[in-house]
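Here's the structure, in structure tokens; my notes come after.
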Amino acid sequence: MYQIGVVGPNTSVDRILGLADEFGQVMRFIPLPYSEFQETRNIVKENDHQVDMWLFSGKLSYLIAKSVLESDENLVHIQHTESSLYRCFLLMAYHQGKFIERVSIDELADSQLEVALQQLDFPAKDLFVKTYDIETNPDDLLAFHLQLWREGKTEGAITCFEGVYLALKEAGVPAYWFTPSELEVHQALRILSERVRAFYFKDTQIAVEIIEIDDFDKIAENARNPYRLQYLELRLKEALIRLCETIDGSLMERGNGRYVIFSSRGAIERRIDMLRKTIEQLSLESESRVAVGIGFGETVFSAEVNALRAIQHSKEKTEPGIVIVQEDGKVIETAGKDQGLSYSYRMDDPQFLDQLKKANVGIRTYNKIAAFVRRMGWTNFTTKDLATQLHLDERNVRRIITSLSEVGLAAYVGEEATSLRGRPSKIYRLE
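Position 36, counted from 1, in the sequence shown is what numbering that gives the first Met the number 0 calls 35; the numbers after and before it change by one each time, with no gaps.
What follows is the structure, given as structure tokens:
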């Protein structure tokens, strides 16, 4: 059963749990309420190890969690739509016996409040709006609403914060809490359910891991006697068996320094750090470079085909690292590191493929360069920049970029003087 951490104010968390009963067969919901939204940061840090996915009552806590985890892959938040805003205006009109035109509202900086109010034909001149973000102090929002009310500029307030709402009510301000409707909560729960289902199928994909020690035949030749080689093989195998224990894997020895482990995608991804440490140990024991290729797939055959592609990529790299080829053809280099590079060896644009063919540049080569340029945030670059960062031969990189320029996939945009002597470096950009 998948563990779902539910984060939000107490009232919102209780409401979500009350509506989540129908999803209880596949998901276990763990309530993790906060008093102030800033607590989200610590809640996520302290509990991420025990949950599979996160559900947030609003976008603000979701954004905080995203900044903490540096990914939104396992995060879902409940959307605040126009219907919830309209509900607040209807309640205002009902309780005060007239349609209120002078209102103060706090909203997230990137919300669609203006669009929603345009659909109501609401007179903007009587609307006071204060935006907030993850750094905002709720006390500032409370002061904003109270000041306008006391100055007689507003007849009511709409806030996204439960604490601000309760404080305004206590101060006698006609306040309304902009909170999602049951329909919006159900929609978020359905999205979460679909994500969990996809997560399950992805998690249970077959993973084949090929580990190959470079120049193992030379290691065997240089061994002083056969016992030293056998002791080395025992130490290598012991390290790999320990790895298999942690990932529920099955180890096969193919000979000549090549090993194959069969496991599941989820087990491999969760213990990628353990894999990296094992590879470092193998490299130290053998005093040689170790190449690692991992393939994911729906079947053993497809996973092994991808693993063979991955090990080939890994052996071609000048620096050691783990290479993964996923079931969709996506390649991940230096997997398990913060600066991992992702690209694909597939492309389905016939015109683009024709241009690459004319340039005599492979799909994988182009996608790798494009992915790296995107990751570095480069608008322009020199061939030396690329060659240095990708550990490639500069002459080869220059040939590739020149060929891409000739078919319109790259453009020469200027020159860079590198020193007082010598020719300046040409500056390019990808088109």
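Backbone N, C-alpha and C define an ideal beta-carbon position, used for all residues, glycine too.
Practice prompt. List the residues that DSSP assigns as beta-bridge partners of THR158.
Written response: TRP176
Fill in: Reduced DSSP secondary structure (H/G/I, E/B, other) of MET26
strand
Practice prompt. Report the residue from VAL172, ILE209, ALA266 and TYR199 whose alpha carbon sits nearest the alpha carbon of GLY254.
Written response: ILE209
Worksheet entry | Identity of the residues DSSP links to VAL322 by a beta bridge | Residue pairing for VAL322: DSSP places it in a beta bridge opposite GLY292.
Worksheet item: Which residues in the same chain as LEU165 place their Cβ atom closer than 8 Å to its Cβ, once the five residues preceding and following it in sequence are excluded?
Response: none
Practice prompt. Run through the segment 31-93 for me and flag every whole beta strand (DSSP E) of 3 or more residues, listed as ranges in chain order.
Written response: Taking only runs of at least 3 residues, the beta strand (DSSP E) segments lying wholly in the segment 31-93 are 52-55 and 74-76.
Discussion item. If contacts are defined as beta-carbon pairs under 8 Å, then LEU235 and GLU284 qualify, I think. What distance do you get, rounded to the angstrom?
Written reply: 6 Å
Worksheet item: So what's GLY402 in DSSP terms, helix, strand or just coil?
Response: According to the sequence displayed, residue 402 carries Ser and not Gly. Looking at SER402 - three-state DSSP - the assignment turns out to be helix.
Worksheet entry | Buried/exposed call for GLY294, threshold 16 Cβ in 10 Å | buried
Practice prompt. Give a yes or no on whether the C-beta atoms belonging to MET273 and ILE260 are separated by under 9 Å.
Written response: Cβ distance not < 9 Å, so MET273 and ILE260 don't count as in contact.
Worksheet item: Any idea which residues DSSP pairs GLY413 with across the strands?
Response: Note: GLY413 sits in a beta bridge opposite ILE426.
Item to complete: Would you list, in sequence order, the uninterrupted alpha helix (DSSP H) runs of no fewer than 4 residues that lie entirely inside the segment 181-211?
Response: 181-202
Practice prompt. Going by CA-CA distance only, name the one from GLU113, ILE426, SER82 and PHE88 that's closest to ARG101.
Written response: Here the closest residue by C-alpha is PHE88.
Discussion item. What does DSSP give as the partner residue(s) for MET251 in the beta ladder?
Written reply: VAL259
Item to complete: For THR277, write down the residues that DSSP places opposite it in a beta bridge.
Response: Answer by DSSP bridge pairing: none, since THR277 is not bridged.
Worksheet item: Whose C-beta lies closer than 6 Å to the C-beta of GLY4 among residues of the same chain, with five residues either side of it excluded?
Response: Its chain contains ILE29, LEU31, ASN46, VAL50 and TRP53 as the residues whose beta carbon lies nearer than 6 Å to that of GLY4, once the 5 sequence neighbours on both sides are disregarded; these appear in chain order.
Fill in: Alpha-carbon spacing of TYR226 relative to ILE267, whole angstroms
33 Å
Worksheet entry | Residue closest to LEU433, alpha-carbon to alpha-carbon, out of LYS44, PHE215 and GLU35 | The question about residue 433 has no answer, for the chain in this structure spans 0 to 430.
Item to complete: Alpha carbon to alpha carbon, how far is SER70 from ARG40? Give it in angstroms, no decimals.
Response: Each residue's alpha carbon lies about 14 Å from the other.
Discussion item. Could you check whether GLN325 and ASN305 sit closer than 9 Å to each other, using their CB atoms as the reference points?
Written reply: yes
Worksheet item: Can you pull the DSSP bridge partners for VAL128?
Response: ILE104
Item to complete: Report the residue from GLU193, GLY17 and SER34 whose alpha carbon sits nearest the alpha carbon of VAL75.
Response: GLU193
Item to complete: Could you tell me the distance, in whole angstroms, from the CA atom of LEU68 to the CA atom of GLY7?
Response: 17 Å
Worksheet item: In this structure, what does DSSP give as the bridge partners for GLY7?
Response: PRO32
Item to complete: Using the Cα positions of PRO179 and TYR411, report the straight-line distance between them to the nearest angstrom.
Response: 52 Å
Worksheet item: How many angstroms separate the CA atom of THR80 from the CA atom of ASP139?
Response: 24 Å
Worksheet entry | Identified DSSP bridge partners for SER341 | ILE331
Practice prompt. Give me the Cβ distance between ALA206 and ALA302, rounded to the nearest whole Å; I'm assuming they're in contact under 8 Å.
Written response: The Cβ separation is near 6 Å, so the contact holds.
Worksheet item: What's the call for LYS65, buried or exposed, on a 16-neighbour Cβ count within 10 Å?
Response: buried
Discussion item. I'd like to know whether the C-beta atoms of LYS329 and VAL322 end up nearer to each other than 9 Å.
Written reply: no
Item to complete: Note down the Cα distance separating LYS168 from LEU107, rounded to an integer number of angstroms.
Response: 21 Å
Worksheet item: What's the C-alpha gap between VAL163 and LEU18?
Response: 25 Å
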